[in-house]
Amino acid sequence: MDNFGFVNRDMAINVLSRLPTKLLLGLKCVCKRWHQLLCDRDFTKVQSQKREQISGFFFQQRFHWCPYDIRTIAYIPAEFVGLNQTVFSFLPEDVVVLASCNGLVCCRSCVPCNDPAIYVCNPVDREWIKINWSGPDRDSYIALAFDPCRDAMERSINFKLVQVRHFEPTLDNLYFSFEIYSSDTGVWRMSKEICNCNDKLYKNKGIFIGACIG
Amino acid sequence: MASSSSSSSTQVKKITLKAADGKHFEVEEPVAMEMETVKSFFVGNEDAMKDMVVPLLNVSSEHMPAILDFYRNHSEFRKRTPPPPAEEVKAFNEAFLENKSDEQLMEMIMAANFLNTKELLNFLTEAAANRIKNKSVEYVRAFFGIENDFTPEEEARIRAENEWAFDGLDED
Chain X
25 MDNFGFVNRD MAINVLSRLP TKLLLGLKCV CKRWHQLLCD RDFTKVQSQK REQISGFFFQ
85 QRFHWCPYDI RTIAYIPAEF VGLNQTVFSF LPEDVVVLAS CNGLVCCRSC VPCNDPAIYV
145 CNPVDREWIK INWSGPDRDS YIALAFDPCR DAMERSINFK LVQVRHFEPT LDNLYFSFEI
205 YSSDTGVWRM SKEICNCNDK LYKNKGIFIG ACIG
Chain V
-5 MASSSSSSST QVKKITLKAA DGKHFEVEEP VAMEMETVKS FFVGNEDAMK DMVVPLLNVS
55 SEHMPAILDF YRNHSEFRKR TPPPPAEEVK AFNEAFLENK SDEQLMEMIM AANFLNTKEL
115 LNFLTEAAAN RIKNKSVEYV RAFFGIENDF TPEEEARIRA ENEWAFDGLD ED
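First to last, the protein sequences are chains X and V.
The numbering of the first sequence is my numbering, which starts it at 25 and goes up by one.
The numbering of the second sequence is my numbering, which starts it at -5 and goes up by one.
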């Protein structure tokens, strides 16, 4: 028995893909067939192409002059009063949220720590991967690029991280270098591009536009 | 809106549709052709045109009048210049759904799927999504007529994993 109730699988997909992602998480426990369907990448693809209202925000505070991170990440829903601090509890350690892009979130270990790492995770299916990383420094920033709909045939999800670092070889001369991590190769690579810019542009976070990070 | 729609023109060709329970419906040709399933019945089969009865195996006669009403009104909305005000379309759509039970809505979704008409199907599935938005798992099960096949332990584990998704749901 299919267990889609009054409708068939296609119609279940048609109805469910119109719902916001957060509600679909709760509906995973309707029955086994729905659980399977809602975890299916083909379904996620259909659903992520529909426009969705913002369900809420992640909020994390930072000390300005202190080497210790604040470990609490709060999820603040947009449509009702509430607060939830367990969204990232599936990760193996406390983290600081750095960037997000089309459903993936990039975090780093809280400092101080012995083995700093970057985690790229999906809070919806609670999957994550750990990426080796040199650790935080004052002169760099991480941006995340991910487009789940870019490649219609490709079922694996690939993302890229860009670490932008600024340096001043001489006074009045500010440069940016770019180190890129690609999930399909699994390595960091230094870009040959260097950007010379005499205005302090950095730390404005990365913005993913089409296929580039600005 | 209640003005006579097609009395002025010469006689419109009719097509006979047969619902699942055998009841016949005489439908103006342009309205019948809104349904891809009916249209494809005649494609490459021109001599079938005249007195052929088109069987609609998955559509019960209970829903036929409402479905035909939807096609009539929406094709008229599309043709009208200037286009009808959004409130008029909205009012029609709301009235269309007003007295439909959840089960009737599901049956009409399956009918629209069979008739292969995007506009009606999108409209009905959007309506179904709105009815289950922010509802509890129990409510959604009843809505779709689904039996829970998880053990209590399995269900509790999935709930715990997705704890934050259950905040802010409506009362049933």
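Glycine included, C-beta positions come from ideal geometry on N, C-alpha and C.
State the DSSP-derived secondary structure class of LEU91/V, mapped to helix, strand or coil.
On the second sequence, residue 91/V is found 97 positions in, with the first residue counted as 1. Looking at LEU91/V - three-state DSSP - the assignment turns out to be helix.
Let me check one thing: in DSSP terms, what residues is PRO101/X bridge-paired to?
The residue given as residue 101/X occupies position 77 in the first sequence. Note: PRO101/X sits in a beta bridge opposite GLY80/X.
For TRP152/X, which beta-bridge partners are listed by DSSP?
Locating residue 152/X in the first sequence gives position 128, counting from the first residue. TRP152/X is bridged to CYS145/X.
Nearest-angstrom Cα distance between VAL32/V and ALA106/V?
Within the second sequence, the letter at position 38 stands for residue 32/V. Within the second sequence, the letter at position 112 stands for residue 106/V. If you take the alpha carbons of VAL32/V and ALA106/V, they lie about 12 Å apart.
Counting only beta-carbon atoms, is GLU97/V nearer than 8 Å to chain X?
The count along the second sequence starts at 1 and reaches residue 97/V at position 103. Yes, its Cβ sits closer than 8 Å to a Cβ of chain X.
May I ask you to check if the CB of GLU120/V is nearer than 7 Å to at least one heavy atom of the ligand NAD?
No copy of the ligand NAD occurs in the structure displayed, which carries no ligand at all.
Quick check: what's the CA-CA separation for ALA159/V versus LYS46/X?
As a first step, residue 159/V must be located in the second sequence, where it is residue number 165. As a first step, residue 46/X must be located in the first sequence, where it is residue number 22. Going from the Cα of ALA159/V to the Cα of LYS46/X covers about 5 Å.
In this structure, does DSSP put LYS52/X in helix, strand or coil?
As a working mapping, residue 52/X is identified with position 28 in the first sequence. Reduced to three states, the DSSP call for LYS52/X is helix.
What do you reckon, are the CB atoms on CYS53/X and GLU141/V nearer than 8 Å?
Taking the first sequence and counting its residues from 1, the one referred to as residue 53/X is at position 29. Taking the second sequence and counting its residues from 1, the one referred to as residue 141/V is at position 147. No.
Taking the DSSP output, what are the residues bridged to TRP212/X?
Numbered from its first residue, the first sequence carries residue 212/X at position 188. For TRP212/X, which the question treats as bridged, DSSP gives the partners TYR205/X.
Can you have a look at ASN38/X and say buried or exposed, based on whether 16 or more other CB atoms are within 10 angstroms of its CB?
As a first step, residue 38/X is located in the first sequence; it is residue number 14 there, counting from the start. So ASN38/X ends up on the buried side.
Looking only at its chain, what residues have a beta carbon closer than 6 Å to the beta carbon of GLN71/X, apart from the 5 residues adjacent to it on each side?
One-based indexing of the first sequence puts residue 71/X at position 47. Result list for GLN71/X: SER41, in chain order.
What does ALA122/V reach in chain X if we use C-beta pairs closer than 9 Å?
Sequence index remark: in the second sequence, residue 122/V carries index 128 (1-based). Neighbours of ALA122/V on chain X, chain order: VAL31, MET35, ASN38, VAL39 and ARG42.
Could you tell me which chain X residues have their CB closer than 8 Å to the CB of MET29/V, listed as they occur along the chain?
Locating residue 29/V in the second sequence gives position 35, counting from the first residue. Within 8 Å Cβ-Cβ: nothing; MET29/V doesn't reach chain X, min ~17 Å.
Taking the C-alpha atoms as reference points, what is the distance between PHE36/V and MET46/V?
To locate residue 36/V, count along the second sequence from 1; it is residue 42. To locate residue 46/V, count along the second sequence from 1; it is residue 52. Straight-line spacing of the CA atoms in PHE36/V and MET46/V works out to 10 Å.
Would you mind working out which of LYS184/X, LYS216/X and ASP34/X sits nearest THR209/X, comparing C-alpha positions?
In the first sequence, residue 209/X corresponds to position 185, counting from 1. The residue with the shortest Cα to Cα distance from THR209/X is LYS184/X.
When you compare the CB positions of GLY162/V and PHE104/X, do they come within less than 8 Å of one another, or not?
Numbered from its first residue, the second sequence carries residue 162/V at position 168. Numbered from its first residue, the first sequence carries residue 104/X at position 80. Cβ atoms of GLY162/V and PHE104/X: closer than 8 Å.
Mapping DSSP to helix, strand and coil, what is PRO146/V?
Translated into the one-based positions of the second sequence, residue 146/V becomes position 152. Correct three-state label for PRO146/V: helix.
Using a Cβ distance threshold of 8 Å, determine whether the region 201 to 220 of chain X contacts the region 95 to 104 of chain X, with at least three qualifying pairs required.
no
For chain V, check one thing: does any of its Cβ atoms lie closer than 8 Å to the Cβ of ASN220/X?
Here the question's residue 220/X lines up with position 196 in the first sequence. No - not a single Cβ of chain V is within 8 Å of the one on ASN220/X.
Give a yes or no on whether the minimum CB-CB distance between PHE104/X and chain V is below 8 Å.
Counting from 1 along the first sequence, the entry for residue 104/X is found at position 80. Output row for PHE104/X: interface = yes.
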